[in-house]
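To start, the structure itself, in structure tokens.
In the working numbering, the protein residues as written are 126 to 270.
Given below as structure tokens:
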């Protein structure tokens, strides 16, 4: 079982790929959260300040970048750009939230972090947040097809 890597200890390539996927999905979710259709859905859910969602996702992206670095993951800009390109497609925020929750779960399961460590708790917490967001949106719009 791995512990959080020191800045000099590089994470395995498969772990770097998981973090790259997560950061790409966070970037795309932040963009999707600024779309007019998303603002309408969020307003229908009762959220008055719909721009807050984008701000939260941008802060989450920054936090995820810090967490990746603390885990010894050096996400390569070209790899991140390539992954964004692979994932980029017109998609509602709900689809991006599903992808984020799954990405957090894959990192939890594939990183080999200690079960009681702060990074694993952060990952699990972010996954729970996105699952709750999914449930709230699906109550309004129905499940993702």
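Even for Gly, the Cβ is constructed at its ideal location relative to N, Cα and C.
Predicted model, so just to flag it, every value in this text is computed and none were measured.
By alpha-carbon positions, which one of 220, 177, 193 ends up nearest to residue 138?
Comparing Cα positions, the closest option is 193.
Short of 7 angstroms in beta carbon distance, which residues of its chain neighbour residue 168, apart from the five on each side in sequence? Order them along the chain.
Cβ within range, chain order: 175.
Integer-rounded CB distance, given that residue 233 should sit under 8 angstroms from residue 248:
Confirmed, Cβ separation roughly 5 angstroms.
Determine the direct distance from the alpha carbon of residue 148 to that of residue 251, and round the result to whole angstroms.
C-alpha separation (whole angstroms): 13 angstroms.
Taking residue 146 as part of the alpha helix (DSSP H), name the residues at either end of that continuous run.
Where residue 146 is concerned, the enclosing alpha helix (DSSP H) starts and stops at 138-157.
Proximity to residue 260 [Cα-Cα], best of 223, 209, 231
When each option's Cα is compared against that of residue 260, the closest is 223.
Which complete alpha helix (DSSP H) runs does the segment 172-213 hold, if anything under 4 residues is left out?
Correct list: 176-195, 202-212.
What are the start and end residues of the alpha helix (DSSP H) that includes residue 160?
Following the DSSP letters along the chain, one finds residue 160 in no alpha helix (DSSP H), marked with neither H nor E.
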